[in-house]
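Protein sequence lines, in the order shown, are assigned to chains A and B. Residues 104 to 354 (the working numbering) are what the first sequence spells out, left to right. Residues 2 to 433 (the working numbering) are what the second sequence spells out, left to right. Each residue gets a CB set at the ideal place from its N, CA and C atoms; glycine is no exception.
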Amino acid sequence: MSSAIKLDDLRKSFGPTEIIRGVNLDIKKGERHAIIGPNGAGKSTLFHLISGRYNLSGGHVSLNGEEISNLPPYEIYRKGLSRSFQVTNIFPILSVFENVRCSLMWSEEYKYSFWHLVDRERKLNDRTAEVLEEIGLTSRQHVPAGVLTYAEQRALEIGLAAAGGADVILLDEPTAGMSHSETDQAIELIRQITVGKTLVMVEHDMGVVFDLADRISVLVYGEIIATDTPENIRNNKAVQEAYLGAEAEHA
Amino acid sequence: MSDIAKVQNAVMPASLLKRFGPWLFLAIGLMVLPLIFSSNLSVYTMNLMGIFIIFALSYNMLLGQSGMLSFGHAVYFGLGGFMSVHFMNYIEAEIFVVPIVIVPVFGGLIGLVFAVIVGSFSTRRSGTVFAMISLGIAELIAASSLIFVAFFGGEEGVSGDRTMGPEVLGMDFAQDIEVYSLIAFWAFVTIALMYLFSRTPMGRMANAVRDNPERIEFIGYSQRKVRFISFCASGFFAGIAGGLFAINFEIVTEENLNALTSGVVLLMAYIGGVGFFVGPIVGAVVFTLLQTLLSNYTEIWQMYVGVIFVLTVMYAPQGLTGLVAMHIPAFKMKRLGTLAAPYVRAGVPTLLLLSGIVGFLETIHHVRSAAVGETTMSLLTIEFDTHSATPWIIIAILVVVGGYLTKTQMPQLKEAWEGANAPMGSDEGGAS
Numbered sequence: 104m105s106s107a108i109k110l111d112d113l114r115k116s117f118g119p120t121e122i123i124r125g126v127n128l129d130i131k132k133g134e135r136h137a138i139i140g141p142n143g144a145g146k147s148t149l150f151h152l153i154s155g156r157y158n159l160s161g162g163h164v165s166l167n168g169e170e171i172s173n174l175p176p177y178e179i180y181r182k183g184l185s186r187s188f189q190v191t192n193i194f195p196i197l198s199v200f201e202n203v204r205c206s207l208m209w210s211e212e213y214k215y216s217f218w219h220l221v222d223r224e225r226k227l228n229d230r231t232a233e234v235l236e237e238i239g240l241t242s243r244q245h246v247p248a249g250v251l252t253y254a255e256q257r258a259l260e261i262g263l264a265a266a267g268g269a270d271v272i273l274l275d276e277p278t279a280g281m282s283h284s285e286t287d288q289a290i291e292l293i294r295q296i297t298v299g300k301t302l303v304m305v306e307h308d309m310g311v312v313f314d315l316a317d318r319i320s321v322l323v324y325g326e327i328i329a330t331d332t333p334e335n336i337r338n339n340k341a342v343q344e345a346y347l348g349a350e351a352e353h354a
Numbered sequence: 002m003s004d005i006a007k008v009q010n011a012v013m014p015a016s017l018l019k020r021f022g023p024w025l026f027l028a029i030g031l032m033v034l035p036l037i038f039s040s041n042l043s044v045y046t047m048n049l050m051g052i053f054i055i056f057a058l059s060y061n062m063l064l065g066q067s068g069m070l071s072f073g074h075a076v077y078f079g080l081g082g083f084m085s086v087h088f089m090n091y092i093e094a095e096i097f098v099v100p101i102v103i104v105p106v107f108g109g110l111i112g113l114v115f116a117v118i119v120g121s122f123s124t125r126r127s128g129t130v131f132a133m134i135s136l137g138i139a140e141l142i143a144a145s146s147l148i149f150v151a152f153f154g155g156e157e158g159v160s161g162d163r164t165m166g167p168e169v170l171g172m173d174f175a176q177d178i179e180v181y182s183l184i185a186f187w188a189f190v191t192i193a194l195m196y197l198f199s200r201t202p203m204g205r206m207a208n209a210v211r212d213n214p215e216r217i218e219f220i221g222y223s224q225r226k227v228r229f230i231s232f233c234a235s236g237f238f239a240g241i242a243g244g245l246f247a248i249n250f251e252i253v254t255e256e257n258l259n260a261l262t263s264g265v266v267l268l269m270a271y272i273g274g275v276g277f278f279v280g281p282i283v284g285a286v287v288f289t290l291l292q293t294l295l296s297n298y299t300e301i302w303q304m305y306v307g308v309i310f311v312l313t314v315m316y317a318p319q320g321l322t323g324l325v326a327m328h329i330p331a332f333k334m335k336r337l338g339t340l341a342a343p344y345v346r347a348g349v350p351t352l353l354l355l356s357g358i359v360g361f362l363e364t365i366h367h368v369r370s371a372a373v374g375e376t377t378m379s380l381l382t383i384e385f386d387t388h389s390a391t392p393w394i395i396i397a398i399l400v401v402v403g404g405y406l407t408k409t410q411m412p413q414l415k416e417a418w419e420g421a422n423a424p425m426g427s428d429e430g431g432a433s
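If you want it as structure tokens, here you go:
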């Protein structure tokens with residue numbers, strides 16, 4: 104009944120090429136939803152459309168029943184949708200602490216204030232310390248974010264997305280390029296931060312997907328060919344042909 | 002319990018000192034400086050420094066803090082100056098009488114107003130687009146300053162008289178030293194305000210915009226609005242600097258808002274180091290010293306400034322402050338001493354090389370520009386004949402020997418540097 108994100112005939116073309124070709128999707132509140140599909144299927148593009156990075160060529164996006172099509176990203180964020188990026192997208196010169204603190208600033212209602220001094224705001228700094236603890240970067244808080252290791256940067260990336268308390272979180276390949284143990288940690292972290300929230304994730308690692316997701320959508324060449332529980336997706340003939348076949352070719 | 006209390010008591014003054022120490026130091030410094038350097042020339046120089054410090058810091062709110070490269074920051078400085086000189090004239094005509102101390106605020110306000118107008122469209126983008134728009138606006142304002150003569154006074158500018166306002170603390174500002182106290186007051190206030198600005202949510206987000214403008218949109222902030230607010234604040238402080246300029250020189254001309262002045266402020270901020278809050282202060286001090294002192298000794302001082310700028314961009318993009326900051330890790334590990342000898346070994350030949358180059362430039366300049374038949378010149382009190390062979394041979398030796406030795410000494414310096422900055426070994430304890 105109550106959907107967190109509803110996509111209605113979503114379309115996106117770059118020049119004459121249509122990348123997203125009429126996507127309909129209804130993600131329920133509190134659901135953990137994974138979007139899978141072969142490379143170039145348009146998964147990241149779909150995220151960019153939902154989060155406002157790209158303008159739509161057609162269709163509608165609504166968040167908690169409210170139309171958010173073509174709003175700028177910061178408006179969408181303020182309505183409660185936050186996201187991470189596939190390619191790490193942090194503030195490299197700012198310290199890790201500053202990174203997290205900046206991501207809390209809007210939700211702690213500082214807006215564009217130039218009459219508060221950040222170092223004096225105890226609640227903000229305590230919250231920052233909590234988030235750092237959660238993502239396991241407390242010991243690294245004073246170094247510039249740009250010098251963190253890859254796995255640490257990915258953790259920070261997820262932290263930035265989750266810190267502001269948005270109730271819908273989009274994670275774009277959160278475990279890309281991670282080792283097994285790092286992936287396990289990342290899954291644990293994702294589980295932790297999405298308690299009581301709606302999670303939509305793009306992911307290549309099937310282990311992660313089947314571990315985390317309540318439902319899975321399969322995106323192939325800009326169209327969703329199936330949305331179902333992990334069990335049913337595994338047994339779905341069309342998915343096996345289109346997606347796993349393509350994956351086999353790819354490998 | 003008592004232990005904890007003791008620790009807190011010990012910590013409190015230390016943290017207070019850390020927080021207010023620099024400001025106390027600045028305040029005392031500003032008060033003591035004119036007692037040490039009391040000659041007319043030094044007071045004149047310090048006044049100029051104070052003005053440029055504010056101007057350069059305001060510029061760095063854009064470049065260093067928010068990542069916006071502006072080629073037209075002098076517009077807000079100049080407009081602030083023009084407004085202030087008009088206000089001085091209003092005070093003289095008794096239309097609107099306020100103490101002269103307040104006048105820079107009006108300069109700041111006009112800077113703010115124009116920053117709001119220009120910023121409303123120029124801050125839409127950062128990077129090249131912003132830089133080009135700033136350049137265009139700068140040219141536009143500079144051109145119109147020669148057209149709207151009523152406000153800008155045409156080519157001769159607008160002049161005023163700073164002594165006409167009501168006296169403040171018994172000062173009528175006829176003397177340069179009285180103007181110094183006014184500039185020092187404003188410098189202290191604006192430096193503090195600009196520093197505090199950088200510590201507000203807005204200031205932090207400006208840094209975030211500099212680092213990654215795209216990402217801040219996904220944590221709730223409009224990059225354009227952040228840039229716009231930074232831009233306005235920057236315009237305001239530039240206007241204050243312009244107001245002080247007007248008071249100090251009692252004349253403001255088109256030169257104060259043209260591209261040349263915009264270039265100077267970029268130079269100052271960059272030479273000092275845009276990555277540090279104090280960088281532009283260092284840059285403004287060094288630039289003013291070069292401008293006022295070096296120009297006493299050589300006619301081609303601007304060339305040296307240009308060379309310093311190019312060298313900074315190429316070899317020390319973090320500026321002079323960055324060069325000093327580079328030594329902090331070695332200092333913390335108590336290894337700074339190990340660098341002394343290598344520095345001397347590399348530094349002496351470098352000095353030889355530099356003196357050779359300077360000698361060459363100065364002599365060439367003298368040959369080209371001196372009156373016909375005048376062949377003796379003096380460089381650092383050494384008199385010589387530019388048309389004889391000896392000075393040229395000495396210059397050649399300095400350049401060749403200095404250059405060669407510098408080149409051979411660099412590897413040992415590099416090695417010493419790496420040694421001094423290597424992480425602490427386990428035998429020395431601490432794996433940080």
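Range of the contiguous alpha helix (DSSP H) that encloses T262 (chain B): By 1-based counting over the second sequence, the position of residue 262 (chain B) is 261. First-last of the alpha helix (DSSP H) with T262 (chain B): A260 to G273.
Listed by chain order, chain B residues near V271 (chain A) by CB distance under 7 Å: Your numbering for residue 271 (chain A) matches position 168 in the first sequence. Residues of chain B passing the Cβ test: none, with the nearest at roughly 13 Å.
Heavy atom of the ligand FMN within 7 Å of Y181 (chain B) beta-carbon: In the structure on display, the ligand FMN does not appear, and there are no ligands present to speak of.
Buried or exposed (CB count within 10 angstroms, at least 16 for buried), S235 (chain B): For this step, residue 235 (chain B) is matched to residue 234 along the second sequence. Buried, because 16 or more other Cβ atoms sit within 10 Å of the Cβ of S235 (chain B).
Beta carbon of A185 (chain B) nearer than 8 Å to that of G51 (chain B): Position 184 of the second sequence, counted from the start, is the residue given in the question as residue 185 (chain B). Position 50 of the second sequence, counted from the start, is the residue given in the question as residue 51 (chain B). Going by C-beta atoms, A185 (chain B) is nearer than 8 Å to G51 (chain B).
Separation of T148 (chain A) from T278 (chain A), as counted between CA atoms: Translated into positions along the first sequence, residue 278 (chain A) becomes position 175. Translated into positions along the first sequence, residue 148 (chain A) becomes position 45. Cα to Cα, the separation comes out at about 18 Å.
Entirely enclosed alpha helix (DSSP H) segments - the stretch 209-283 of chain A, minimum 4 residues: As far as the stretch 209-283 of chain A is concerned, its whole alpha helix (DSSP H) runs of at least 4 residues are 225-238 and 253-266.
Under 7 Å by beta carbon: chain B residues contacting E233 (chain A): Taking the first sequence and counting its residues from 1, one reaches residue 233 (chain A) at position 130. Those within 7 Å of E233 (chain A) in chain B number zero; the least Cβ separation is about 17 Å.
F97 (chain B) versus L113 (chain B) - alpha carbon distance: The count along the second sequence starts at 1 and reaches residue 97 (chain B) at position 96. The count along the second sequence starts at 1 and reaches residue 113 (chain B) at position 112. Cα to Cα, the separation comes out at about 21 Å.
Near-chain A residues of the stretch 142-171 of chain B - C-beta to any C-beta below 9 Å: none
Supposed contact pair P105 (chain B) and I241 (chain B) - C-beta distance, whole angstroms, cut 8 Å: Taking the first residue of the second sequence as 1, we reach residue 241 (chain B) at position 240. Taking the first residue of the second sequence as 1, we reach residue 105 (chain B) at position 104. With 8 Å as the limit, I241 (chain B) and P105 (chain B) qualify as a contact, their Cβ atoms being about 5 Å apart.
Contact the stretch 151-164 of chain A vs the stretch 176-186 of chain A: 3+ CB pairs below 8 Å: Yes, they touch.
DSSP bridge partner residues for M172 (chain B) (one or two, in chain order): Residue mapping note: residue 172 (chain B) aligns to position 171 of the second sequence, counting from 1. Bridge partners of M172 (chain B): B:V169.
Residue environment, G420 (chain B), which counts as buried when at least 16 other CB atoms sit within 10 Å: Residue 420 (chain B) sits at position 419 when you count from the first residue of the second sequence. Exposed, because fewer than 16 other Cβ atoms sit within 10 Å of the Cβ of G420 (chain B).
Cα-Cα separation, T299 (chain B) to I358 (chain B): Residue 299 (chain B) sits at position 298 when you count from the first residue of the second sequence. Residue 358 (chain B) sits at position 357 when you count from the first residue of the second sequence. In this structure, the alpha-carbon of T299 (chain B) lies about 14 Å from that of I358 (chain B).
Beta-carbon proximity of F205 (chain B) to E260 (chain A), cut-off 8 Å: Here residue 205 (chain B) refers to the residue found at position 204 of the second sequence. Here residue 260 (chain A) refers to the residue found at position 157 of the first sequence. Residue identity differs from the one stated: residue 205 (chain B) is Arg in this sequence, not Phe. R205 (chain B) is not a Cβ neighbour of E260 (chain A), given a cutoff of 8 Å.
C-beta neighbour in chain B for P277 (chain A), strict 8 Å: If you number the first sequence from 1, residue 277 (chain A) lands on position 174. No, no contact with chain B.
Buried or exposed (CB count within 10 angstroms, at least 16 for buried), D212 (chain B): Within the second sequence, numbered from 1, the residue matching residue 212 (chain B) stands at position 211. With 16 or more Cβ atoms within 10 Å of its Cβ, D212 (chain B) is classed as buried.
Presumed contact (8 Å Cβ cut-off) between L273 (chain A) and R186 (chain A), rounded CB distance: As a first step, residue 273 (chain A) is located in the first sequence; it is residue number 170 there, counting from the start. As a first step, residue 186 (chain A) is located in the first sequence; it is residue number 83 there, counting from the start. L273 (chain A) to R186 (chain A), Cβ: 4 Å. Contact.
Within chain B, partners of D229 (chain A) - CB distance below 9 Å: Walking along the first sequence from the start, residue 229 (chain A) turns up at place 126. Result: empty, since nearest Cβ-Cβ is about 16 Å, beyond 9 Å.
Proximal residues to G183 (chain A) (C-beta, below 8 Å), its chain only, five neighbours per side dropped: Counted from its first residue, the first sequence places residue 183 (chain A) at position 80. Closer than 8 Å at the Cβ level, and outside the excluded window around G183 (chain A), lie L166, N167, A269, D270 and V271.
Coil, strand or helix - A6 (chain B) by DSSP: The residue you call residue 6 (chain B) lines up with position 5 of the second sequence. Model confidence at A6 (chain B) stands at a pLDDT of 43, short of 50, so the residue's coordinates are unreliable; what they give is reported in the following sentence. The answer is helix: DSSP assigns A6 (chain B) an H, G or I state.
Proximity test, Cβ basis, 8 Å: G239 (chain A) and chain B: In the first sequence, the residue the question calls residue 239 (chain A) occupies position 136. By this cut-off, G239 (chain A) is not an interface position.
DSSP-derived helix/strand/coil call for R135 (chain A): As a working note, residue 135 (chain A) is residue 32 in the first sequence. DSSP, reduced to helix, strand and coil, places R135 (chain A) within a strand of the structure shown.
CB contact below 8 Å: S223 (chain B) versus chain A: Sequence index remark: in the second sequence, residue 223 (chain B) carries index 222 (1-based). Yes, its Cβ sits closer than 8 Å to a Cβ of chain A.
Buried or exposed (CB count within 10 angstroms, at least 16 for buried), L302 (chain A): Taking the first sequence and counting its residues from 1, the one referred to as residue 302 (chain A) is at position 199. L302 (chain A) should be labelled buried.
Per DSSP, the bridge partner or partners of E169 (chain A): If you number the first sequence from 1, residue 169 (chain A) lands on position 66. DSSP, once it has assigned bridges, lists A:L166 as partnering E169 (chain A).
Proximal residues to S116 (chain A) (C-beta, below 7 Å), its chain only, five neighbours per side dropped: Numbered from its first residue, the first sequence carries residue 116 (chain A) at position 13. Only I122 and S160 meet the Cβ criterion.
Residue-level contact to chain B via CB, N338 (chain A), 8 Å cutoff: Taking the first sequence and counting its residues from 1, one reaches residue 338 (chain A) at position 235. Chain B contact via Cβ: absent.
Beta-ladder partner(s) of D331 (chain A), from DSSP: On the first sequence, position 228 is the one that residue 331 (chain A) refers to. Paired residue(s): A:I319.
L25 (chain B), buried or exposed, once every other Cβ within 10 Å from all chains shown has been counted against 16: Here residue 25 (chain B) corresponds to residue number 24 of the second sequence, with the count starting at 1. With fewer than 16 Cβ atoms within 10 Å of its Cβ, L25 (chain B) is classed as exposed.
Run of the beta strand (DSSP E) containing T313 (chain B), from where it starts to where it stops: Residue mapping note: residue 313 (chain B) aligns to position 312 of the second sequence, counting from 1. Looking at the DSSP string, T313 (chain B) is not in any beta strand (DSSP E); the run it does join, the alpha helix (DSSP H), is W302 to Y316.
Meets three-Cβ-pair contact criterion under 8 Å: the stretch 222-237 of chain A and the stretch 198-214 of chain A: yes
Which of helix, strand or coil DSSP assigns to T364 (chain B): Position 363 of the second sequence, counting from 1, holds the residue named residue 364 (chain B). T364 (chain B) falls in the helix class under three-state DSSP.
Chain A contact for K19 (chain B) (CB, 8 Å cutoff): Position 18 of the second sequence, counted from the start, is the residue given in the question as residue 19 (chain B). False, the Cβ-Cβ gap to chain A never drops below 8 Å.
Amino acids of chain A, ordered along the chain, whose beta-carbon sits closer than 9 Å to that of G204 (chain B): The count along the second sequence starts at 1 and reaches residue 204 (chain B) at position 203. Ordered by position in chain A, the residues that pass the 9 Å Cβ test against G204 (chain B) are F217 and V221.
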